[in-house]
């Protein structure tokens, strides 16, 4: 059990059957009246953000969110299979648990799989990935305008905007959180 007076950023707890994570907190001691804890918290499963106040003595059940690094193995229909690197067991995860940024993940990449009481609720790819451009229009010599982009298809099938000098076969680094081109990949 944890009391509201013990809240800190990042603490996870169970409230009304939901798993909540403290994003911001503030202990308020007004000149008149009882102290309270003003809290901004996020539902870790749905992502909804809620602001509320608690009595510092209010008690909540601790919620332990398990985060494991697992290797993406393959897809079969709506199921994506991830391998635990320690036990080599495959765990099927439904397509609905994967975010939009999963389009940048290819086989054998390590992802962070978050679960609560054995139920997976999120799969986070690495923040940065290096992928090969499979198709894009050739750049034109002499076109030196800055910040001009063109569409490109990556080896995973995802489409992003890249600078004009990038061509098919180039390896590029992508920020999976924003889906943006960062730079040419080294090596």
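In this note's numbering, the protein residues as written are 17 to 203.
For every residue, glycine included, the Cβ atom is placed at its ideal position computed from N, Cα and C.
Separation of residue j from residue i, as counted between CA atoms
i	j	result
residue 23	residue 70	10 Å
residue 134	residue 27	19 Å
residue 141	residue 96	13 Å
residue 59	residue 170	33 Å
residue 122	residue 193	16 Å
residue 111	residue 181	35 Å
residue 200	residue 172	17 Å
residue 38	residue 117	24 Å
residue 98	residue 107	5 Å
residue 175	residue 50	55 Å
Beta carbon of residue i nearer than 8 Å to that of residue j
i	j	result
residue 187	residue 198	no
residue 101	residue 85	yes
residue 81	residue 130	yes
Contact belief for residue i with residue j at Cβ below 8 Å, rounded distance in angstroms
i	j	result
residue 154	residue 165	Contact flag wrong, Cβ pair sits at about 14 Å.
8 Å Cβ cutoff, residue i in contact with chain B
i	result
residue 189	Here chain B cannot be found, since the structure has a single protein chain.
Exposed unless 16 or more other CB atoms sit within 10 angstroms - verdict on residue i
i	result
residue 17	exposed
residue 88	buried
residue 145	buried
Residue i (DSSP reduced to helix, strand or coil)
i	result
residue 113	helix
residue 79	coil
residue 119	helix
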